[in-house]
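Colleague:
In full-length UniProt numbering, the protein residues as written are 1 to 101.
Spelled out as structure tokens, the structure:
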């Protein structure tokens with residue numbers, strides 16, 4: 001079921017005023033086309049369509065990163081150091097290499 005996230009428009013109105021429909025959608029409005037009071041289609045901008053199309057790919061990337069993190073943790077057999085801890089350790093190592101105290 002379509003959530004009420006778009007402006008409803010009848011199929012007849014969309015057909016008769018198609019030029020106006022295109023202008024509204026180009027300006028970022030999402031229209032829900034209804035026939036007999038039921039949502040049958042959604043008209044949205046190309047930008048919104050592309051964003052929605054990429055969403056599953058972004059989730060796949062996040063899932064792959066999470067799995068990679070799990071794999072790294074299992075190889076380390078312990079917690080991963082925070083970025084702050086890594087930077088502190090690198091600074092200490094650099095100070096020692098430069099002959100500092």
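We put the beta carbon where it would ideally sit given N, CA and C, even for glycine.
Would you call the CB atoms of residue 26 and residue 33 closer than 9 Å?
Modeller: For the purposes of this step, residue 26 is identified with residue 26 of the chain shown, where counting begins at 1. For the purposes of this step, residue 33 is identified with residue 33 of the chain shown, where counting begins at 1. It is not a contact, given that the beta carbons lie outside the stated cut-off.
Colleague: Hey, would you say residue 102 sits closer than 9 Å to residue 31, going by beta carbons?
Modeller: What is shown of the chain runs 1 to 101, which leaves residue 102 out entirely.
Colleague: Which partner residues does residue 39 have in the DSSP bridge list?
Modeller: Against the chain shown, residue 39 aligns to sequence position 39. Its beta-bridge partners are 34.
Colleague: Just verifying my parser: in three-state terms, what is the DSSP assignment at residue 74?
Modeller: Your numbering for residue 74 matches position 74 in the chain shown. Three-state result, residue 74: helix.
Colleague: Whose C-beta lies closer than 7 Å to the C-beta of residue 6 among residues of the same chain, with five residues either side of it excluded?
Modeller: By 1-based counting over the chain shown, the position of residue 6 is 6. Closer than 7 Å at the Cβ level, and outside the excluded window around residue 6, lie 30, 31, 32 and 42.
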